[in-house]
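The first sequence runs 6 to 199 under our numbering.
Heads up, the beta-carbon is just placed ideally off N, CA and C, and yes, glycines get one too.
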Amino acid sequence: MPVYLINISKYNLLISIKFSWRTPDDKMEIQEVHIHESKKDFQDYLKKKNDIEISDENGHEKLNLTLKKLREIIIDYFEGKKLDLYSTIQNLNVNLNLQEKFKTNFSLGVIQVLLKTRPGETTDYYTIAKKIGTNAYRAVGNILRNNPLPLIIPCHRVIKKNGNLGGFGGAIGDCWKTRLKKLLLKIEGVNGFS
DNA sequence: AGGTCATCTCACC
DNA sequence: GGTGAGATGACCT
């Protein structure tokens, strides 16, 4: 399966997008998004998943166009334009296939509530749980921990109810992933995490 | 059936 | 204002 790489030189980050492409209807589907702190980090990821290969913009013409737009959108986002990546990317006729990625009502509910947040806003695990009619705030974290579409599904906007940052990218505590969460919030205009 | 959490609350210092 | 234990619910094996 092909993976498309976007270099965010401003922050020294690599965004990899694993996707599939169906020719009859020219539909792109995004399977996974990963954020890498370095080239080595990305290469380790490539090695671990032996079913993927880097895709340059030299395939199908329509695919090239979609990938090019995708790159522009992501770069705009990191430039600080407050884009709703989920709807913007869907407008490219890209299928994100949430039904396939979130199979239970609970997990789908978590995602749907989360997708209503706007850049610059934050919410918390407890509030999300309440909105789908349960107290299972820890389970909300479990779902977000496995978010296959970071950035697009804005799990970085979920912080703790007491105002602390909470985890990101499967990690808690001070590490590059939580620093990345701070960076994303800062890019969206949320200050207070320095 | 039992283990794992990206949490929360409350009772202690 | 920091720490630790217990509650807790959905998920995974």
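Tell whether a beta-carbon distance below 8 Å holds between residue i and residue j.
{"i": "M6", "j": "D46", "result": "no"}
{"i": "I137", "j": "G114", "result": "yes"}
{"i": "Y91", "j": "I35", "result": "no"}
{"i": "L149", "j": "C160", "result": "yes"}
{"i": "Y130", "j": "V163", "result": "yes"}
{"i": "E193", "j": "K108", "result": "no"}
{"i": "F111", "j": "A144", "result": "yes"}
{"i": "L103", "j": "Q95", "result": "no"}
{"i": "D179", "j": "R123", "result": "no"}
{"i": "Y16", "j": "F83", "result": "yes"}
{"i": "G174", "j": "L185", "result": "yes"}
{"i": "V195", "j": "G125", "result": "yes"}
Do you know whose CA, among the options, lies nearest residue i's CA?
{"i": "T23", "options": "F198, L90, P29 and L10", "result": "Here residue 23 is Lys; the residue named in the question, Thr, does not match the sequence. Answer by Cα proximity: L10."}
{"i": "T128", "options": "K67, L190 and S199", "result": "L190"}
{"i": "H39", "options": "V145, T183 and V8", "result": "V8"}
{"i": "K106", "options": "N96, N98 and P155", "result": "P155"}
{"i": "L97", "options": "T183, S199 and M33", "result": "M33"}
{"i": "N152", "options": "Q117, G85 and R76", "result": "Q117"}
{"i": "P29", "options": "L51, K67 and N17", "result": "K67"}
{"i": "E42", "options": "L18, D61, R76 and K121", "result": "L18"}
{"i": "N147", "options": "K166, K135 and A176", "result": "A176"}
{"i": "D31", "options": "L188, N196 and L72", "result": "L72"}
{"i": "K74", "options": "T93, Q48 and I59", "result": "T93"}
{"i": "S14", "options": "R76, N196 and K187", "result": "R76"}
{"i": "N12", "options": "D81, D49 and S25", "result": "D81"}
{"i": "S60", "options": "K135, K44, S25 and L188", "result": "S25"}
Label residue i either buried or exposed according to how many other C-beta atoms from any shown protein chain fall within 10 Å of its C-beta, with 16 as the threshold for buried.
{"i": "S21", "result": "buried"}
{"i": "R27", "result": "exposed"}
{"i": "H65", "result": "exposed"}
{"i": "K53", "result": "exposed"}
{"i": "L70", "result": "exposed"}
{"i": "I79", "result": "buried"}
{"i": "I133", "result": "buried"}
{"i": "T183", "result": "buried"}
Go to residue i, then tell me how far its beta strand (DSSP E) extends in each direction, as first and last residue.
{"i": "F107", "result": "That residue, F107, is in no beta strand (DSSP E); it is neither H nor E in DSSP."}
{"i": "I35", "result": "K32 to H41"}
{"i": "L10", "result": "P7 to I13"}
May I ask which residues mark the beginning and end of the alpha helix (DSSP H) holding residue i?
{"i": "K74", "result": "E66 to F83"}
{"i": "I20", "result": "Per DSSP, I20 belongs to no alpha helix (DSSP H); it is in the beta strand (DSSP E), L18 to R27."}
{"i": "A134", "result": "Y130 to K136"}
{"i": "N147", "result": "Y142 to R150"}
{"i": "L185", "result": "W181 to I192"}
{"i": "K52", "result": "K44 to K53"}
{"i": "I4", "result": "This structure does not reach residue 4, given that the chain is present from 6 up to 199, and the question cannot be answered."}
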